[in-house]
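Colleague: Numbering (this note's numbering), first residue to last: 817 to 1041. Yeah, the Cβ is synthetic: ideal placement off N, Cα and C, and Gly gets one too. Handing you this structure, nothing more for now.
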Ligand code: ADP
Ligand code: ADP
């Protein structure tokens, strides 16, 4: 069974207009797959991301994650956004810890889980730093660690490298693929750059210029680096 199932989903933000951010979109994502949503600005990528995340509800249709209908955010879905969304007053360690089910718990299991995550994203030694002292790339590594803290089934990423310079982005893409291979997560990744999608995805879901619907999907058949 697919891990993500989007079934005939439409989304209208404003009931007074006929403008649809999504029009009858259906797609499935299999366990462990890395799927990129690609398309021009305004085509509905972020809307689909937010619906799968449970941050918005569909106007029509249904979304299932691991067979359960999405009715709101849940710990089965880790999220990473373009603008990091870290807590500026918390340290790296505090931000990652916040992703845990019980962030206040200081037991040795929780503490070693945080250490393991900081290590996974290559930030060992920076546990006590605050976001303002970190580069963009490092901040996004913290966000990835926080999103993975409860070992979610799915990692949802909305243009996570969109604010990061090209060279660092290249490195982060390869780090993400490495994490994906090591953790076996199912990833749904939004980008407006086809080159990024080709680098990362098993399958690319392409939205059209005429907003709201999927035009095609592309299987990316290549050897991974
Ligand atoms: P993308 O992520 O591909 O740029 P979005 O999903 O953000 O596209 O937007 C799809 C359409 O929905 C656009 O026409 C956008 O203006 C509209 N839209 C997005 N968010 C909202 C919102 N919160 N309220 C009203 N309209 C919105
Ligand atoms: P940016 O996104 O601003 O380009 P990077 O992620 O490339 O930032 O990091 C900028 C600098 O921060 C690096 O050149 C390096 O010196 C330092 N840095 C980043 N990650 C680490 C790390 N895991 N360990 C030590 N230093 C790091």
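How far does the beta strand (DSSP E) with residue 840 in it reach, from first residue to last?
Modeller: Counting along the chain, the beta strand (DSSP E) containing residue 840 begins and ends at 838-845.
Colleague: Who sits around ligand 1, taking every residue whose Cβ is closer than 5 Å to one of its heavy atoms?
Modeller: The answer, residue by residue, is 829, 837, 857, 858, 859, 860, 861, 862 and 863.
Colleague: Given that a residue counts as buried once 16 or more other Cβ atoms are within 10 Å of its Cβ, and exposed if not, what is residue 905?
Modeller: By the neighbour-count rule (16 or more Cβ atoms within 10 Å), residue 905 is not buried but exposed.
Colleague: Output the boundary residues of the beta strand (DSSP E) element that contains residue 932.
Modeller: No beta strand (DSSP E) contains residue 932, which is instead part of the alpha helix (DSSP H) from 924-936.
Colleague: Leaving out five residues on either side along the sequence, give the residues of the same chain with a beta carbon under 7 Å from the beta carbon of residue 917.
Modeller: Excluding sequence neighbours, residue 917 sits near 891 and 966.
Colleague: If you follow the beta strand (DSSP E) that residue 1035 is part of, which residue opens it and which one closes it?
Modeller: Segment 1030-1035, the beta strand (DSSP E) holding residue 1035.
Colleague: Who are the near neighbours of residue 1018 in its chain, counting only those whose CB is closer than 8 Å to its CB and skipping five residues on each side?
Modeller: Closer than 8 Å at Cβ, skipping near neighbours: 849, 850, 851, 1035 and 1036.
Colleague: Sort 911, 836, 989 and 997 by Cα distance to residue 1007 and report the nearest one.
Modeller: Ranking the options by Cα distance to residue 1007, first place goes to 989.
Colleague: Across which residues does DSSP place residue 820 in a beta bridge pair?
Modeller: For residue 820, which the question treats as bridged, DSSP gives the partners 845 and 881.
Colleague: Would you list the residues sitting across from residue 827 in a DSSP beta bridge?
Modeller: BP columns for residue 827 point to 838.
Colleague: With distances taken from CA atoms, which of 856, 927 and 831 is nearest residue 1030?
Modeller: Ranking 856, 927 and 831 by Cα distance to residue 1030 puts 856 first.
Colleague: If you scan the segment 929-999 from start to end, which runs of the beta strand (DSSP E) of 3 or more residues do you find wholly inside it?
Modeller: Taking only runs of at least 3 residues, the beta strand (DSSP E) segments lying wholly in the segment 929-999 are 970-974.
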